Amino acid sequence: MLMLSTVLIISCTALLTPSAQKQVEQARSADTFVDSIGVNVHLTYTDTAYGKYKSIIRPRLQELGIRHIRDGFVDKRPKYYQKLQDLADIGIHSTLIAGIGWVSPQQVIAIARQLDNSIEAVEGPNEYDIGKKRQQWIPELRQYMEQLHNQVKNDPATNHLPIVGPSFVDRDASTAIGKLTQWVDYGNMHPYNYPHKTGNDNIDKEISNRSRPFDGQPLVATEAGYHTGNKHSDRPLTETAHAKYLPRLFLEYFNRGIVRTFAYEFIDQRTKPKDREANFGILRNDGSPKPAFITLKNLIALLKDPGESFPLKSLDYNLTGNTKNIHHTLLQKRDGRLYLILWQEVTSFNSKKHSDRAVPEQPITININTPVNQVNLYQVSDSITPIKQNNPKKLNLNIPDYPVVLELLPPTNSQISFKSLIA
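Numbering of the sequence shown is given in the numbering used here, commencing with residue 23 and proceeding in unit increments.
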């Protein structure tokens with residue numbers, strides 16, 4: 023379930039300037055970050071790789087550790103409903119898209135009743151503004167959202183389900199549609215960045231624009247990501263750049279209070295290297311993992327910590343050295359462990375040459391004033407096997423253009439032998 027209580031926007035600490043930074047920063051729940059990660063699927067596209075549900079889709083979703091998928095309402099598809107319920111049985115729940123001319127609000131209720139607890143949110147129409155005149159799509163969409171809201175909220179079987187607003191493509195559509203606040207619980211956005219753009223300004227402008235119809239309600243990014251088609255496709259990335267950008271995207275949007283971000287998408291639908299739409303997956307068409315899958319799997323495995331809410335601690339620390347473009351996220355588990363995730367938010371891919379950029383690691387020093395017994399460093403792009411250092415006060419690190427994780431263990435009576443970090 024999408025939870026309003028998880029929203030906390032980090033503004034001044036997401037980007038660290040080149041001078042020394044001393045701060046006391048409150049952590050956020052590590053599991054809240056894990057719970058913000060979702061992925062798009064197309065389980066009804068049985069003529070694509072999604073047709074291999076039992077052999078690839080289900081086991082790989084479970085392996086990834088994901089809890090949230092996004093798909094669509096489809097009428098009279100009992101085998102599809104069975105798959106959604108099967109995934110719910112292993113802890114993976116669904117946000118489903120309702121569409122004009124696709125399913126009526128009345129059909130949404132009937133389907134949701136059949137799906138029972140496998141559905142966790144209802145989403146408004148997907149990118150309905152594409153290729154339509156304003157005098158056509160605006161009144162149709164507004165009428166549909168009002169009817170959808172009334173049907174969902176007035177039915178005892180579905181009134182607990184949050185409604186996510188519709189998504190848009192044209193930039194000015196978010197202004198043209200007017201206010202939708204009265205009919206939704208969450209706003210929506212599709213922050214595709216082609217080519218990848220760095221810095222707060224681009225992200226903050228996108229959030230500001232897409233918030234217009236929703237009057238400050240929390241946002242869900244129901245589609246976001248990059249594709250790995252060949253150089254003849256539309257604005258592709260290499261798999262290496264894809265593995266750097268996608269985890270950073272989840273972290274950047276989490277830092278800004280986006281409740282959930284759904285990567286587009288889980289698996290390459292077909293083997294068509296020139297077709298952008300066929301290559302958005304974090305799995306290749308044969309089900310083998312791309313590097314992005316491995317990184318996300320490791321990040322989820324390291325940070326997951328399900329359970330009730332708990333008091334959050336603060337970390338007293340400062341960073342010195344060249345901290346330009348160094349971004350971070352600070353998380354905590356219920357046993358007191360803190361996780362400081364650091365990365366360079368820079369361009370890692372040369373779109374003109376279709377090649378990866380060699381980004382030098384950036385040396386920084388972290389001075390920790392909070393008592394810490396041990397620090398473990400994780401290179402989640404490779405594994406969750408740590409490098410250890412005992413009783414640290416001053417850490418010299420080389421930060422790459424992909425996330426690395428520092429696990430800070432609270433003081434105990436045990437002593438662990440010293441082993442230096444990467445610098």
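C-beta: ideal position from N, C-alpha, C; glycine also. Everything numeric in this text was worked out from a predicted model, so none of it was measured.
So T283 and A314 are in contact, right, with Cβ under 8 Å, and what is the actual spacing, rounded? Rounded, the Cβ-Cβ distance is 14 Å, inconsistent with contact.
Three-way DSSP call (helix, strand, coil) for A179 in this model: A179: coil per DSSP, three-state reduction.
Spatial distance of A198 from A52 (CA atoms): Between the alpha carbons of A198 and A52 lies a distance of about 38 Å.
To the nearest angstrom, how far is it from the Cα of K335 to the Cα of Q401? Each residue's Cα considered, the two are about 24 Å apart.
How would you label V125, buried or exposed, when you count the other beta carbons within 10 angstroms and need 16 or more for buried? By the C-beta density criterion, V125 is buried, having at least 16 other C-beta atoms within 10 angstroms.
Touch check for the region 56-73 and the region 312-326: three-plus C-beta pairs under 8 Å? The answer is yes - the region 312-326 touches the region 56-73, with three or more Cβ pairs under 8 Å.
Let me know the secondary structure DSSP gives G343 once reduced to three states. In the structure shown, G343 sits in a strand (DSSP, three-state: E or B).
Quick check on the burial criterion: 16 or more other C-beta atoms within 10 angstroms. Buried or exposed for R156? R156 comes out exposed.
Nearest-angstrom Cα distance between K98 and L137? Approximately 12 Å between the Cα atoms of the pair.
Run of the alpha helix (DSSP H) containing I316, from where it starts to where it stops: From DSSP, the alpha helix (DSSP H) with I316 extends over P313 to L325.
With 16 other Cβ atoms within 10 Å as the buried cut-off, status of K415: That one is exposed.
So what does W365 bridge to, in DSSP terms? Among the bridge pairs identified by DSSP, W365 is matched with H349.
Straight-line CA distance for R292 to V426? Cα-Cα distance, rounded: 32 Å.
Assuming L364 contacts I421 (C-beta within less than 8 Å), just tell me the rounded distance between them. That pair is a contact at about 5 Å.
Using a 10 Å radius around the Cβ and a threshold of 16 neighbouring Cβ atoms, would you call A380 buried or exposed? Exposed is the label assigned to A380, since fewer than 16 other Cβ atoms lie within 10 Å of its Cβ.
Counting beta carbon pairs with one atom in the region 247-255 and one in the region 184-199, are three or more of them shorter than 8 Å? No, the region 184-199 does not touch the region 247-255.
Whole-angstrom C-beta distance between Q366 and I348, which should lie under 8 Å: With a Cβ gap of about 6 Å, I348 and Q366 count as contacting.
For the pair the region 290-308 and the region 65-78, tell me if three or more CB-CB distances fall below 8 Å. Because the criterion of three Cβ pairs below 8 Å is met, the region 290-308 and the region 65-78 touch.
Starting from Q411 and walking both ways along the alpha helix (DSSP H), at which residues does that stretch end? For Q411, no alpha helix (DSSP H) segment is defined; the enclosing uninterrupted segment is the beta strand (DSSP E) at I409 to N412.
Work out the CA separation of L163 and I229 for me, nearest whole Å. Answer to the nearest angstrom: the Cα atoms are 21 Å apart.
So I388 and L352 are in contact, right, with Cβ under 8 Å, and what is the actual spacing, rounded? The pair is not a contact, with the Cβ atoms about 12 Å apart (cut-off 8 Å).
So, with DSSP's three-state summary, where would you put L65? The three-state reading of DSSP puts L65 in coil, since its state is none of H, G, I, E or B.
Local Cβ density within 10 Å of P147, reported as buried at 16 or more and exposed below that: Flag for P147 reads buried.
What do you get for S405, buried or exposed, if any count of 16 or more other CB atoms within 10 angstroms of its CB means buried? Flag for S405 reads exposed.
Nearest-angstrom Cβ-Cβ length linking V130 and V174, presumed shorter than 8 Å: Between V174 and V130 the Cβ distance is about 7 Å, and since that is below 8 Å, they are a contact.
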